[in-house]
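Each remark here refers to the structure printed beneath this line.
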Amino acid sequence: MIFLKSWLQDYIKEDLPHALEIAEKVGLHSFEVEGVEKHGDDYIIDIDVLPNRAHDALSYIGMAREIALVFGFELKEPEVKFDTKGVDTKEKINLKIENPKLTRRATKRLVSNVEVGPSPKWLVKKLEAMGQQSINNIVDATNFVMFETGQPVHAFDYNKLAKDNSGMVNISIRGAKKGEHIKMLDGKEFTLEEGMLVIADDKQALDIAGVKGGVVSGIDEGTKNVMLSVCSFDASNIRKTSKSLGLRTDASSRFEKDISPEVVGFSMDRVSQLVSDLAKGDVAPAFLDEYPRKANPYKTGMSLERLNKILGTDISEKELEKIFDRFGFKYEKVKPLDVVAKSASNYLGKPYLYGASVSYDAPNAFDCSSYVAYLYAQAGVSIPRTSIDQYVFGEKIQEPDLSPGDLIFINTQKGNIWYETQVYMKGTKVPEGVDHVVLYVGDGEIMHATRSTGNVTKVKLSDYKYKNNVVGYCRMADNKERYVVTVPSYRLDLREEIDLIEELGRIYGYENIKEEEPFKEHGPVSINKQFYWVNKIRDILVKGGFSEVYNYTFVDKGDVEVKKALSEDKRFLRKSLSDGLENSLNLGKKNAPLLGVEKIKIFEIGTVFSKNKEFVELVVSEDVKELLSKELSVKIDKLPLNVTDLLDILPDPENYKDLEKLELNANGFKEISSYPFVLRDIAVWVSSDRKPEAVLKVIRVEAGGLCVNASLFDVYEKENKTSYAFKLVFQSQHKTLTDEEVNVVMDNINKEIEANGWEVR
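If you're matching positions, the sequence shown starts at 39 in this note's numbering and goes up one per residue.
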């Protein structure tokens, strides 16, 4: 996603540094930065937000939060204030969710007496920087909020919605009917599949939920009353709908990567504020909010000892807590088994519900395994959800070793008996079978959620009717002090101990982790003969001006066929490197100008496979038998070369000292453009005392990054002047260059050459 620096500044209290410094630090601690470009008197920073962080960082507030984190700045969230007046939304709109698992939250608000018109310059400028065309003040407000919060927002023309006899608009979020049609704002019409989510009134589908709005309720110059809509949808459903229809939008690309339902309320108030300010609308005092399955705050944790062991650090408690504070995480130090045992009684009498969710039903209802999973979650320990998985996960102990917080697993022979794990190490068999789990709380007592009493109850272990049906006893964690962190609702990626450790490590700074030799004492080092001589051959050829290529091991024909092919043209293991080298040679010849070479010289070393054996082979684009014979001191009389057989007559190396060492940072990686290059020649008369480098410098400066190669191919002298002829190669990383674009660059080069007193031939 691209970010306008001045827009990011709106959400950070301190002055931001230069865009290049932002890019450097974000690249080091958070995300890969694709580039920084000047945008008038501003800068655009292109940041590659990967899917695992799209839920929180694919927005301006999210990225500002990240920048504030890595720089130690303070986040400044928008202050949302606006006047409300007019009728309550509930007097004009009804809202119904058909499937709470697909529509996790839905909100609607009425805004009356709006004035639709052009947006102010500040808003137009921001949207244009994002590649968005300004439409009108209301639609622009919804787009602005989507970029700001990451939450898609939509506005419907209320007057265009169907009304019942009482004048109410009945909005339902439902599955599409088979064959149902809908026409989009851009005029395209789609036939929907059964089950695709739509937002509908009593008459028809108004939009494809989470994807795109329909034309029937679009905002235009005649709109007077608006229904604002902000919803949270199941990510997989939106992904399937978008893919099936071939319709990908800014909204669908965000929903399919998941967004916390908690963002919905703020986004509704934010868009209400903007519509009030920009369109002078009367905002209803409250909005309809259907939130049928609100998740519990998620908790995870880890010990300081575990953190330092994983990262190889020596972070102190004080340093760790400072990092927690920078994140804004709520945390506490606990002894987990103490927390589990002591808090268990808080839920005595809570009703039993088979299949109760730890995230949604607890702590108001439990089944046996969700009860103990919830208790451990409050102590920052993640354990599996089902009883049999918990049994396989836990450390096995004996009954005399039971301590408060330990679990006892039962086969009651009455419920659904599980004989293999469902998720954790799926398919692990437990011949004894497990269908129930109870918590030992000390003093010979147990607690459990049980259908026999219909609630959470406590009983003496000695009096428990299934005492003789015990399968085993388990300890789920030690009782060492650890940190329990309440994960902010917007961070859907922090679920396990290792997730938390990774977050702490990147902010602490991997560059701050000291190098340490893992094994300071070891036995004699063995020399790998094949490794040595393969690299020796590689060094000889590279010094001889050759470049190494790597081709696919899987090909379309060969002696050895793989059982599960990656694709139809990769069903076999290669039996020779020659075909791959030939393809690389032809490709290299086509791109010789781009590479800046006159002749392509390449080689490949790799394993090949015949019916009965495999061996290492060398292929070279030229005859190098004489070169190799001289350098290896053995007779090489055949190419391709079977390196494996050659090893039999080569001496055993004593060490690796004479192999070429790859210097760190000696070479930088440069991405290969997928777009074609354009060639131009230019010849320049200069005074005889001028070197070609002076002319090249002018050419490169004026051509900028588009000139990817410039080489001198001719020198002609006459009287006191010299003509230097250069071959120029132009290419873009982002698009196919047109002749007109290259001509503009060449005109600028010509003008600058003439400005230096030189002459273009």
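Glycine included, C-beta positions come from ideal geometry on N, C-alpha and C.
**Prompt:** Among the residues of its own chain, which have a CB less than 6 Å from the CB of I348, if the five just before and after it don't count?
**Reply:** The answer, listed in chain order, is I539.
**Request:** Have a look at V746 and N263 and give me their C-alpha separation to the nearest angstrom.
**Result:** Rounded to the nearest whole angstrom, the C-alpha separation of V746 and N263 is 55 Å.
**Item:** Contact under 8 Å by Cβ, I50 with A92
**Value:** Going by C-beta atoms, I50 is not nearer than 8 Å to A92.
**Asked** Shortest alpha-carbon distance to L223 belongs to which of G188, V177, F610?
**Response** The shortest C-alpha separation from L223 is found at V177.
**Item:** Reference K14, options E535, S616, V716, closest by Cα
**Value:** Given a span of 39 to 799 for the chain in the structure shown, any question on residue 14 remains unanswerable.
**Item:** Identity of the residues DSSP links to V681 by a beta bridge
**Value:** In DSSP, V681 forms no bridge with anything.
**Prompt:** Going along the chain, which residues of its own chain have a beta-carbon closer than 6 Å to the beta-carbon of E599, five neighbours each way excluded?
**Reply:** The answer, listed in chain order, is R609, F610.
**Message:** Going by C-alpha to C-alpha distance, which of F404, A167, L244 sits closest to F194?
**Reply:** Selected option, being the one with the closest Cα: L244.
**Prompt:** Do you know how far the Cα of N517 is from the Cα of F510?
**Reply:** Correcting the residue identity first, residue 510 is Gly in this sequence and not Phe. Their Cα atoms are separated by approximately 20 Å.
**Request:** Tell me where the beta strand (DSSP E) around W723 begins and ends.
**Result:** 716-725 is the extent of the beta strand (DSSP E) around W723.
**Item:** Contiguous beta strand (DSSP E) assignments of at least 3 residues, all confined to the segment 89-175
**Value:** Runs of the beta strand (DSSP E) inside the segment 89-175: 131-135, 141-150.
**Item:** L375 and P442 closer than 8 Å at C-beta
**Value:** The answer is yes: Cβ separation under 8 Å.
**Prompt:** Of all the options G303, K663, D307, which has the alpha carbon lying nearest to the alpha carbon of A179?
**Reply:** The shortest Cα separation from A179 among G303, K663, D307 belongs to D307.
**Request:** Can you tell me the Cβ-Cβ gap for L542 and L345, rounded? I've got them flagged as a contact below 8 Å.
**Result:** About 6 Å; that satisfies the 8 Å criterion.
**Request:** Determine the extent of the beta strand (DSSP E) in which E70 is found, giving its start and end residues.
**Result:** Where E70 is concerned, the enclosing beta strand (DSSP E) stretches over 70-77.
**Request:** Give the single residue among Y570, L266, G233, R277 whose Cα lies nearest to the Cα of V249.
**Result:** Of the listed residues, the one whose Cα sits closest to V249 is R277.
**Asked** How long is the line joining the alpha carbons of F715 and G626, rounded to whole angstroms?
**Response** Cα to Cα, the separation comes out at about 14 Å.
**Asked** Looking at E72 and D80, is the spacing between their C-beta atoms short of 8 Å?
**Response** Not a contact, by the Cβ cut-off of 8 Å.
**Prompt:** Hey, would you say Y412 sits closer than 8 Å to P401, going by beta carbons?
**Reply:** In this structure, P401 lies closer than 8 Å to Y412 by Cβ.
**Prompt:** Beta-carbon separation of R147 and F271 under 8 Å?
**Reply:** No; because the gap between Cβ atoms is not below 8 Å, this pair is not in contact.
**Message:** Using DSSP's beta-bridge definition, name the partner residues of K250.
**Reply:** Paired residue(s): I246.
**Message:** Quick check on this structure: which residue in N781, N203, G303 has the alpha carbon closest to the alpha carbon of D240?
**Reply:** Answer by Cα proximity: N203.
**Item:** Proximity to V87 [Cα-Cα], best of K773, Y390, H67
**Value:** Relative to V87, the option among K773, Y390, H67 whose CA is nearest is H67.
**Asked** In angstroms, rounded to a whole number, what distance separates the CA positions of T591 and V646?
**Response** The straight-line gap separating the alpha-carbon atoms of T591 and V646 is approximately 8 Å.
**Asked** Taking the continuous beta strand (DSSP E) assigned at T338, which residues delimit it?
**Response** In the DSSP annotation of this structure, the continuous segment of the beta strand (DSSP E) that includes T338 starts and ends at 336-340.
**Prompt:** What's the C-alpha gap between G432 and A322?
**Reply:** Inter-residue distance for G432 and A322 is about 54 Å (C-alpha atoms, whole angstroms).
**Item:** DSSP-derived helix/strand/coil call for G626
**Value:** DSSP places G626 in helix when its eight states are reduced to three.
**Item:** Nearest-angstrom Cα separation, counted from N624 out to V780
**Value:** Answer to the nearest angstrom: the Cα atoms are 27 Å apart.
**Asked** Cα separation between V508 and I448?
**Response** A direct Cα-to-Cα measurement between V508 and I448 gives close to 5 Å.
**Asked** How would you call N175, buried or exposed, if buried means at least 16 neighbouring beta carbons within 10 angstroms?
**Response** Around the beta carbon of N175, 16 or more other beta carbons lie within 10 angstroms, which makes this residue buried.
**Prompt:** Relative to the C-alpha of E166, which residue among G110, V207, S420, I82 is closest?
**Reply:** Selected option, being the one with the closest Cα: I82.
**Request:** Find the nearest neighbour of K789 within the set P389, L750, I737, judged by alpha-carbon distance.
**Result:** Considering only alpha carbons, the answer is I737.
**Request:** Determine the extent of the alpha helix (DSSP H) in which N493 is found, giving its start and end residues.
**Result:** Counting along the chain, N493 falls outside any alpha helix (DSSP H), though it belongs to the beta strand (DSSP E) covering 493-498.
**Prompt:** Which of helix, strand or coil does DSSP assign to T180?
**Reply:** T180 falls in the helix class under three-state DSSP.
**Request:** State the start and end residues of the unbroken alpha helix (DSSP H) segment that holds P14.
**Result:** Beyond the ends of the chain as shown, which are 39 and 799, falls residue 14; an answer cannot be given.
**Message:** Run through the DSSP bridge pairs and tell me what A238 is partnered with.
**Reply:** In DSSP, A238 forms a bridge with S210, A243.
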